[in-house]
Amino acid sequence: MKRNLTAVRLGLNAALGLVMASLTACHEPSQGSASQAQPPATPAPNAASQTAALQPVAMQAAAIKQLLLPAHGCNIETADGAGYNTTLTRSRGATIELRGWVIDTMQHDVPVKAVLRLENQDQQAAWMVPLQPRLVRTDVAQANGGLAAYTPSGFEISVATSVLPAGHYHLYIEYAAAGRSYACDNGRMLDLTH
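In our numbering, each residue's number is its place in the sequence shown (first place is 1) plus 338.
Here is the structure:
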């Protein structure tokens with residue numbers, strides 16, 4: 339639980355004006371819920387997945403320590419094809435492909451501004467990459483009360499790791515809603531080697 343308590347005090351880059359996050363384990367989906375082994379997500383009309391590799395942006399120290407409230411409306415389903423509860427090991431400079439979904443269960447919609455947060459093991463440094471959840475995920479909508487607003491909740495993102503130092507990283511999703519910051523975490527880890 340120490341990781342959960344520590345992550346709750348984390349926050350986002352004030353320079354970007356984002357107050358985001360929520361930190362409760364988005365556990366491995368049970369049968370009948372939005373699964374991690376879903377068919378490829380379908381883009382919403384006029385929406386493309388993020389295909390170009392994005393460079394993480396370093397967060398300011400004050401933003402790292404900002405309070406984040408727990409949320410559980412997300413899942414980083416795969417990292418380079420690896421499923422739930424797997425630590426991904428890659429060489430520094432590799433590009434990683436992440437796939438998943440995020441919803442705001444308090445506001446009953448998909449967060450407009452969400453980021454993937456990459457936090458180093460000692461929780462003294464963190465980087466973020468913007469997420470644009472727009473891919474159609476009818477399974478997510480159906481598993482969460484059948485709300486149509488949850489349908490465009492999927493994302494696919496490529497993250498370039500060349501700006502990150504070698505080390506152990508915790509990956510989770512942050513977003514802002516109704517003036518509060520949330521972190522949503524399903525235990526995804528990344529080890530970058532030299």
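We put the beta carbon where it would ideally sit given N, CA and C, even for glycine.
Computed from a predicted structure; not experimentally measured.
Which residues DSSP lists as bridging residue i, in chain order
i: Leu-456; result: Trp-465, Leu-509
i: Thr-499; result: DSSP output for Thr-499 lists no bridge partner at all.
i: Met-397; result: DSSP, once it has assigned bridges, lists no residue as partnering Met-397.
i: Ala-420; result: Ala-417
i: Ile-402; result: Per DSSP, none; premise fails for Ile-402.
i: Ser-491; result: Partner(s): none; Ser-491 has no beta bridge.
Where residue i sits in the DSSP three-state scheme
i: Ala-521; result: strand
i: Ile-441; result: coil
i: Val-478; result: helix
i: Ala-375; result: Because Ala-375 carries a pLDDT of 39, less than 50, the predicted location of this residue cannot be relied on, and the following value inherits that uncertainty. It is coil, neither helix nor strand.
i: Ala-514; result: strand
i: Ala-390; result: coil
i: Ala-409; result: strand
Contact check, residue i vs residue j, beta carbons under 8 Å
i: Leu-530; j: Leu-509; result: no
i: Tyr-513; j: Pro-449; result: yes
i: Leu-469; j: Leu-454; result: yes
Beta-carbon contacts of residue i that lie in its chain and below 6 Å, excluding the five residues immediately before and after
i: Ala-435; result: The sequence as given places Glu at residue 435; Ala does not occur at that position. Contacts found: Asp-418, Ser-496.
Sequence-distant residues of its chain with Cβ nearer than 8 Å to residue i (five each side left out)
i: Ala-516; result: Met-444, Gln-445
Contacting residues, own chain, Cβ-Cβ under 7 Å from residue i (five flanking each side not counted)
i: Ser-491; result: Trp-439, Val-440, Ile-441, Val-448, Pro-471, Arg-475, Val-478
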